[in-house]
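K.L.:
I'd like to ask some things about the structure below.
Protein chains in written order, with my numbering: chain W, 1 to 588; chain S, 589 to 677.
Shown next, in the form of structure tokens:
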């Protein structure tokens, strides 16, 4: 049964029954009365503080909702970082007036107002909270994507963009979801997570899980408690199908978005839970565009959502005109956005995706669709997963292949070695592709560097093929070194391209603690501890982030009697981290 | 080692370096094995790049003559014969 929706602008002014449950965790529930009280308390604090752009970050879906609506009812706009990395928060906070967070982070810029999203509130009975309707045309949120192209960019949405999409989601999927509650394995701060696990449940009055569940067993346990639907990603569903944890849980609808669902996972899920996943295709810019179910696998075409108009331009690229789109050209009350996908329409208006436009490359006057070649490679029994990129070498681009081998492929790798196996695989492609298009460089890896959304960041993929000269560094650049018998001081710079940054932090890198310790251990080796094992690392404290380009100092002091080395990393007078190494006995 | 072999050895290093071939040492390239399609699996773009490097290293000009080039580039041995005959450096 579809539900009667409360429009997002009216949720708090004139919404659901105060006693009804809005969200739940393992042993707790939160009622609408408490939700309203939390939003009102923060709204008042934001008003008192002033400022309109508020950084909102929480891993907790309810707290994120509290933050979104508190900012909106205070007349501001919420800026949602794509992750809670310190570098990301630091960078996005530069254009914000304040931050509304529940994690342990203080912006370096103390101009920034700082409010605690998790502050508990008294819920008073029958106290008017003073909510008015929200303006549908007001800016509501800015999402930040960590796109496959590698750069983070903000996408602003007005309330109506999301509100109109929620109405369509209920129209299309409402009957399949029914009275189920909503369990999720994807973060709430991307557009898909925020719509499917927060805003749509809020509007429909469906209870949603506050916590993002990460383990298949935990997901299964939560699904078994009560009739639930699952908001998930292609990568996670694939894993849950492989481990069969969803079998017998009685899960209702399963949603995925961000990338196509693996064919075997699609078929396996339908078999294990009795209903195929609802795959949702869209983008942060456009919101939801289309959906499909593939109980028997195959290249089932995508069906556009109601009110969304799709077409192809002369080059065969997908063009979306949608009330949910917030980026693009205004077009008859809708917004027209050209997506980066090649598309092929069926006569009934549904469409098949034919690869990303930016994934067509030209080599030696020959044109190659990298997805076509990936599909051909993926068909080989030796290959489990594959990603191709074109990398410039000399005057021309050449194709490079990153391959996850199937067990039989592993066997060939140990028999033949990398070079011969690569040439063998290229030979398998030669009946289908011009010689100049065949991959020249092969990397056989345990897994492809996909991020949590199942996407392959371009930078991470390129890093697999970088040559020695531009290979990212693994060590700090040492500028100055002073050693005594029992102490050392190194002045260093963090390289802008550090190997450890690749594939992490979505473009806002920090030097991880484990890397800092590694550098300290390497530095301490200069003190004549070579050959003596570091037994343990104790009293580690990481206080401030160490960032690319930072000039910093490593100080270490030996306490020979106790077999210890104390160390600290300083940036100017700011202590970044400290700790001590316990050193083994001197060799006999 | 005879002097005449050194061009073959140099050419093998030159091929590996110029084409950034991985997982193969110059010494592993067989002097008489085919370089293109089979064997090393080189292609027409590789041939163009090799031609540039050969001109830089030995001053040999490789004309746009597919039939002749097919012979020149057939193997390291053929390439070395061509270089010996036409080199100006």
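Glycine is no exception: its CB is placed at the ideal position from the N, C-alpha and C atoms.
1) For residue 200 (chain W) and residue 169 (chain W), which I take to be in contact (beta-carbon distance under 8 Å), what is that distance rounded to the nearest angstrom?
2) Would you mind giving the Cβ-Cβ distance between residue 404 (chain W) and residue 445 (chain W), rounded to the nearest angstrom? I have them listed as a contact below 8 Å.
3) Are the CB atoms of residue 269 (chain W) and residue 280 (chain W) nearer to each other than 8 Å?
4) Could you give the distance in angstroms between the alpha-carbon of residue 643 (chain S) and the alpha-carbon of residue 360 (chain W)?
5) Kindly indicate if chain S contains any beta-carbon less than 8 Å away from that of residue 392 (chain W).
6) Could you check whether the Cβ of residue 365 (chain W) sits closer than 8 Å to any Cβ belonging to chain S?
7) Please look up how many angstroms separate the CB atoms of residue 43 (chain W) and residue 33 (chain W), rounded, as I've assumed it's under 8 Å.
8) Round the Cβ separation of residue 312 (chain W) and residue 289 (chain W) to the nearest angstrom and send it over; I've been treating them as touching at under 8 Å.
9) Strictly under 8 Å for the Cβ-Cβ distance: is residue 441 (chain W) near chain S by that measure?
10) How would you list, in chain order, the residues of chain S whose beta-carbon sits under 7 Å from the beta-carbon of residue 426 (chain W)?
11) What does the alpha-carbon distance come out to for the pair residue 41 (chain W) and residue 164 (chain W)?
12) Assuming residue 657 (chain S) is part of the alpha helix (DSSP H), what are its boundary residues?
13) For the beta strand (DSSP E) containing residue 256 (chain W), list its first residue and its last residue.
14) Ignore the nearest five residues each way along the sequence and tell me which others in residue 469 (chain W)'s own chain have a CB closer than 6 Å to its CB.
15) Count the other C-beta atoms from every protein chain shown that fall within 10 angstroms of the C-beta of residue 222 (chain W), then say buried if there are 16 or more, exposed otherwise.
16) For chain S, find out if any of its Cβ atoms is closer than 8 Å to the Cβ of residue 445 (chain W); answer yes or no.
17) Quick one, which of W:195, W:520, W:459 has its alpha-carbon nearest residue 488 (chain W)'s?
18) Quick one: is residue 491 (chain W) near chain B, going by C-beta distance under 8 Å?
19) Looking only at its chain, what residues have a beta carbon closer than 7 Å to the beta carbon of residue 148 (chain W), apart from the 5 residues adjacent to it on each side?
20) Can you give me the Cβ contacts of residue 121 (chain W) inside the same chain, cut-off strictly under 7 Å, excluding the 5 residues immediately before and after it?
21) Would you grab the beta carbon distance between residue 35 (chain W) and residue 22 (chain W) for me? Rounded to a whole angstrom, and I think it's under 8 Å.
22) Listing by chain order, which chain W residues have their CB less than 8 Å from the CB of residue 603 (chain S)?
23) Tell me the DSSP bridge mates of residue 304 (chain W)?
24) By DSSP, does residue 105 (chain W) sit in helix, in strand, or in coil?
25) Going by C-alpha distance, which of S:594, S:607, S:630 is nearest residue 663 (chain S)?
26) Can the beta-carbon of residue 389 (chain W) be found closer than 8 Å to that of residue 461 (chain W)?
27) Roughly how many whole angstroms lie between the Cα atoms of residue 143 (chain W) and residue 385 (chain W)?
28) For residue 596 (chain S), which residues in chain W fall below 8 Å Cβ to Cβ?
29) Looking at residue 136 (chain W) and residue 618 (chain W), is the spacing between their C-beta atoms short of 8 Å?
30) Could you check how far apart the C-beta atoms of residue 156 (chain W) and residue 326 (chain W) are, in whole angstroms? I think they sit under 8 Å.
31) What are the boundary residues of the alpha helix (DSSP H) that residue 362 (chain W) is part of?
32) Going by Cα to Cα distance, which pick from W:493, W:69, W:401 is closest to residue 422 (chain W)?
33) Can you look up residue 631 (chain S) in the DSSP assignment and give me helix, strand or coil?
34) In the structure shown, what three-state DSSP assignment does residue 598 (chain S) receive?
35) Buried or exposed for residue 175 (chain W), please, with buried defined as at least 16 other CB atoms from any protein chain shown within 10 angstroms of its CB.
36) Within 8 Å (strictly less), CB to CB, does residue 633 (chain S) reach chain W?
P.N.:
Concretely, from the data shown:
1) Counting from one through the first chain, the residue named residue 200 (chain W) turns up at place 200. Counting from one through the first chain, the residue named residue 169 (chain W) turns up at place 169. Taking C-beta atoms under 8 Å as the contact rule, residue 200 (chain W) and residue 169 (chain W) qualify, at a distance of about 5 Å.
2) For the purposes of this step, residue 404 (chain W) is taken as the residue at position 404 of the first chain. For the purposes of this step, residue 445 (chain W) is taken as the residue at position 445 of the first chain. About 6 Å; that satisfies the 8 Å criterion.
3) Residue 269 (chain W) sits at position 269 when you count from the first residue of the first chain. Residue 280 (chain W) sits at position 280 when you count from the first residue of the first chain. Judged by beta-carbon spacing, residue 280 (chain W) lies beyond the 8 Å limit of residue 269 (chain W), meaning their Cβ atoms are not closer than that value.
4) On the second chain, position 55 is the one that residue 643 (chain S) refers to. On the first chain, position 360 is the one that residue 360 (chain W) refers to. Taking the straight line from one Cα to the other gives about 33 Å.
5) The residue you call residue 392 (chain W) lines up with position 392 of the first chain. The C-beta of residue 392 (chain W) comes no closer than 8 Å to any C-beta of chain S.
6) Here residue 365 (chain W) corresponds to residue number 365 of the first chain, with the count starting at 1. No - not a single Cβ of chain S is within 8 Å of the one on residue 365 (chain W).
7) Reading the first chain from its first residue, position 43 is the one you call residue 43 (chain W). Reading the first chain from its first residue, position 33 is the one you call residue 33 (chain W). The beta-carbon distance between residue 43 (chain W) and residue 33 (chain W), rounded to whole angstroms, is 16 Å. This is too long to meet the 8 Å contact definition.
8) Mapped onto the first chain, residue 312 (chain W) falls at position 312. Mapped onto the first chain, residue 289 (chain W) falls at position 289. Rounded, the Cβ-Cβ distance is 13 Å, inconsistent with contact.
9) Taking the first chain and counting its residues from 1, the one referred to as residue 441 (chain W) is at position 441. Proximity of residue 441 (chain W) to chain S, defined by a Cβ-Cβ separation below 8 Å, is satisfied.
10) Position 426 of the first chain, counted from the start, is the residue given in the question as residue 426 (chain W). Going along chain S in sequence order, the residues near residue 426 (chain W) (Cβ under 7 Å) are 629.
11) On the first chain, residue 41 (chain W) is found 41 positions in, with the first residue counted as 1. On the first chain, residue 164 (chain W) is found 164 positions in, with the first residue counted as 1. So the alpha carbons of these two residues sit roughly 28 Å apart.
12) For the purposes of this step, residue 657 (chain S) is taken as residue 69 along the second chain, with counting starting at 1. DSSP places residue 657 (chain S) inside the alpha helix (DSSP H), whose first and last residues are 654-660.
13) Along the first chain, read from residue 1 onward, the residue named residue 256 (chain W) stands at position 256. Looking at the DSSP string, the run of the beta strand (DSSP E) that includes residue 256 (chain W) is 254-257.
14) Working through the first chain from its first residue, we reach residue 469 (chain W) at position 469. For residue 469 (chain W), the pLDDT reaches just 46, beneath the cut-off of 50, and the residue's location in the model is therefore unreliable, although a value from the coordinates is still provided. Nothing meets the Cβ criterion.
15) Here residue 222 (chain W) refers to the residue found at position 222 when the first chain is read from its first residue. Here residue 222 (chain W) is buried. Its C-beta has 16 or more other C-beta atoms within 10 Å.
16) Along the first chain, read from residue 1 onward, the residue named residue 445 (chain W) stands at position 445. Interface annotation, residue 445 (chain W): not in contact with chain S, CB-CB separation never under 8 Å.
17) Taking the first residue of the first chain as 1, we reach residue 488 (chain W) at position 488. When each option's Cα is compared against that of residue 488 (chain W), the closest is W:520.
18) In summary, chain B is missing from the structure at hand, where the protein chains are W and S.
19) Numbered from its first residue, the first chain carries residue 148 (chain W) at position 148. Confidence in residue 148 (chain W) is poor, its pLDDT being 42 and thus under 50, which makes the residue's placement unreliable; the coordinate value appears in the next sentence. Within the same chain, residue 148 (chain W) has close Cβ partners 455, 456, 457, 458.
20) Within the first chain, residue 121 (chain W) is the residue found at index 121, counting from 1. Result list for residue 121 (chain W): 37, 38, 41, in chain order.
21) As a first step, residue 35 (chain W) is located in the first chain; it is residue number 35 there, counting from the start. As a first step, residue 22 (chain W) is located in the first chain; it is residue number 22 there, counting from the start. Contact holds; Cβ gap of about 5 Å.
22) For this step, residue 603 (chain S) is matched to residue 15 along the second chain. Correct list: empty, because the minimum Cβ distance to chain W is about 13 Å.
23) By one-based count along the first chain, residue 304 (chain W) stands at place 304. Answer is W:290, bridged to residue 304 (chain W).
24) Stepping through the first chain from its first residue, residue 105 (chain W) is reached at position 105. In the three-state scheme derived from DSSP, where H, G and I count as helix and E and B as strand, residue 105 (chain W) is classed as coil.
25) As a working note, residue 663 (chain S) is residue 75 in the second chain. Looking at the Cα atoms, S:630 is the closest of the given residues.
26) The count along the first chain starts at 1 and reaches residue 389 (chain W) at position 389. The count along the first chain starts at 1 and reaches residue 461 (chain W) at position 461. Against a cut-off of 8 Å, the Cβ pair of residue 461 (chain W) and residue 389 (chain W) comes out as a contact.
27) For the purposes of this step, residue 143 (chain W) is taken as the residue at position 143 of the first chain. For the purposes of this step, residue 385 (chain W) is taken as the residue at position 385 of the first chain. About 30 Å.
28) Your numbering for residue 596 (chain S) matches position 8 in the second chain. Simply none; closest approach about 20 Å.
29) With chain W running from 1 to 588 in the structure shown, residue 618 (chain W) is simply not present.
30) On the first chain, position 156 is the one that residue 156 (chain W) refers to. On the first chain, position 326 is the one that residue 326 (chain W) refers to. Separation of the CB atoms of residue 156 (chain W) and residue 326 (chain W) is rounded to 6 Å, and the pair is thereby assigned contact status at 8 Å.
31) Indexing the first chain from 1 puts residue 362 (chain W) at position 362. For residue 362 (chain W), no alpha helix (DSSP H) segment is defined; the enclosing uninterrupted segment is the beta strand (DSSP E) at 360-363.
32) Within the first chain, numbered from 1, the residue matching residue 422 (chain W) stands at position 422. The shortest Cα separation from residue 422 (chain W) among W:493, W:69, W:401 belongs to W:401.
33) Along the second chain, one-based indexing puts residue 631 (chain S) at 43. Residue 631 (chain S) carries a coil assignment under DSSP once its states are collapsed to helix, strand and coil.
34) Within the second chain, residue 598 (chain S) is the residue found at index 10, counting from 1. Secondary structure at residue 598 (chain S): helix, using DSSP grouped into helix, strand and coil.
35) Working through the first chain from its first residue, we reach residue 175 (chain W) at position 175. By the neighbour-count rule (16 or more Cβ atoms within 10 Å), residue 175 (chain W) is not buried but exposed.
36) To locate residue 633 (chain S), count along the second chain from 1; it is residue 45. Contact with chain W is found for residue 633 (chain S), since one of that chain's Cβ atoms lies less than 8 Å from the residue's Cβ.
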